[in-house]
Structures are given as C-alpha cells and as structure tokens.
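Read through the structure below, which is laid out as structure tokens, and then see the notes.
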Amino acid sequence: MSHRILLLGAPGAGKGTQSAKLADEYGVEHVTTGDALRANKDMETEYGTPRSFMEAGELVPDPVVNEIVEAALADADGFVLDGYPRNLDQAEYLSEITDLDAVILLDVDDEVLVDRLTGRRVCDDCGANFHVDFQPPEEPGVCDECGGDLIQRDDDTEETARERLGVFYENTEPVIEHFRDEGDLVEVDGEAAPDEVFDRIRDVLDE
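If you want the numbering used here, it's the position in the sequence shown, counting the first as 1, plus 114.
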C-alpha cells in the first residue's frame, strides 16, 4: 500500500528525522520544499523559474512553490511531505491536488524546541548534523563523518530560535486548523526519543 503522509511541526520538532525514517520504512519518497526547488530550479512557470528568485535572494512565490511540489508528488509512488505547506493558501492547494492518508503534527513544548535548536551543531565541511545532548559527536567539535569543524549556525541561537517559532506559529496555525477541520490531523507527542516518536507515528499509520 502506498502512503501519502504530511508531517507538520515547529522548527526542532524532528520532522526531518522522522520523515527520513518513514520514507525508509514504507519505501516512499521524502519530499521537502527545499529539495524539490533545488531539483527543479529551471522549471518554467508563468511567474518565472525558481532559480530567478533564489539567485536574487527573494522568496519563491507560492504559485511557483505549488507547481514544484505538485510535480514532485506526481512523480512519487507514495511520499512523506516535510516543510510544505507553510501557509493556508498552500494547504488549500495541497488539499486540491492530492488525497492525504495521514496528517501528523509533532507536538513539542516551546522550551524543548529551543533547547533542541540551540544545541544543534553542523559540520562546516560536509553539512552533517549533530546535537550536543541528543546526538553528540565522538570528539567534541569534530565531525564523525569527515573530521571537519562543527559550528553553531546563526539561526540556531536562542534569540533566532524564538523568532523562528513565532513565525512558525503565525504562518502555520491556520494550516493546522485547516487539516483539523478536514478531520485528517493526528497529534503525536514528539518529546520522546526519536525511536519512540517513530513508533507512535507508525502506530497511527498502521491503524
């Protein structure tokens, strides 16, 4: 059976980790907005190509993002969608182009989210992700994968983390309410260890 799963959650809730595990478990595509845009930078739309906006440092307009995501989903035999929709217009568009089997919201307390975001470290060379508490490298400050330096990104400071959460709630609350009104939304406690959270999601999908 092919699964069409939408995973929602604030920054730091674990969407990327859980999406990758779900894609592997069910043999479906892991579709993220960023990957879809990068893979289709030169796709022609009536508004121009994604590349034209990205190279100008501008946000890619919703209609362009919508077309890119629709193309990515059309090519997938089942998917886990992560990072889209980001606002109500995108959510309504998504409901028009596909029938989702499950919409799962990872519910995590704000203070836990801030701890997760500020503890993240990224390899300056290969981009591998670590966390000072939950996934520390074998040697502090050194990437297990390539030996590169681990850095804290500018958007992982506490001030920026709280700003990101504020933006998320402002934009995404209407998305959550949209799917709640449609009767598709299931909330899953996302504060446990990743494997435990994954088991909870799998229980929802296998019901």
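No residue lacks a Cβ here, since even glycine has one placed at the ideal position from N, Cα and C.
Between the Cα of residue i and the Cα atoms of the options, which residue gives the shortest distance?
i: Leu136; options: Leu220, Leu202, Phe282 and Phe193; result: Phe193
i: Ala229; options: Ala242, Asp196, Glu210 and Leu279; result: The residue asked about is misnamed: residue 229 is Asp in this sequence, not Ala. When each option's Cα is compared against that of Asp229, the closest is Leu279.
i: Ala306; options: Thr147, Val145 and Ile315; result: Ile315
i: Asp313; options: Glu139, Leu120 and Arg118; result: Glu139
i: His292; options: Glu169, Glu206, Leu173 and Glu143; result: Glu206
i: Asp258; options: Ala185, Lys129, Arg267 and Ala242; result: Ala242
i: Gly162; options: Val179, Thr147, Gly126 and Gly148; result: Val179
i: Ala170; options: Arg267, Lys155, Glu277 and Glu160; result: Lys155
i: Arg118; options: Ala190, Val226 and Glu272; result: Ala190
i: Glu287; options: Leu202, Val318 and Thr271; result: Leu202
Are there 16 or more other CB atoms within 10 angstroms of the CB of residue i, so buried, or fewer, so exposed?
i: Glu181; result: buried
i: Gly123; result: buried
i: Gly148; result: exposed
i: Leu173; result: exposed
i: Thr271; result: exposed
On the three-state DSSP scale, how would you describe residue i?
i: Glu305; result: coil
i: Arg200; result: coil
i: Thr146; result: strand
Have a look at residue i and residue j and give me their C-alpha separation to the nearest angstrom.
i: Asp238; j: Gly297; result: 43 Å
i: Leu208; j: Ala150; result: 15 Å
i: Phe244; j: Arg235; result: 5 Å
Does any heavy atom of the ligand SAM sit closer than 7 Å to the C-beta of residue i?
i: Asp298; result: The ligand SAM is not part of the structure shown, which contains no ligands of any sort.
> What beta strand (DSSP E) runs, 3 residues minimum, are completely inside the stretch 117-191?
Replying inline: Scanning the stretch 117-191 from its first residue to its last, the whole beta strand (DSSP E) runs of 3-plus residues come out as 118-123 and 143-146.
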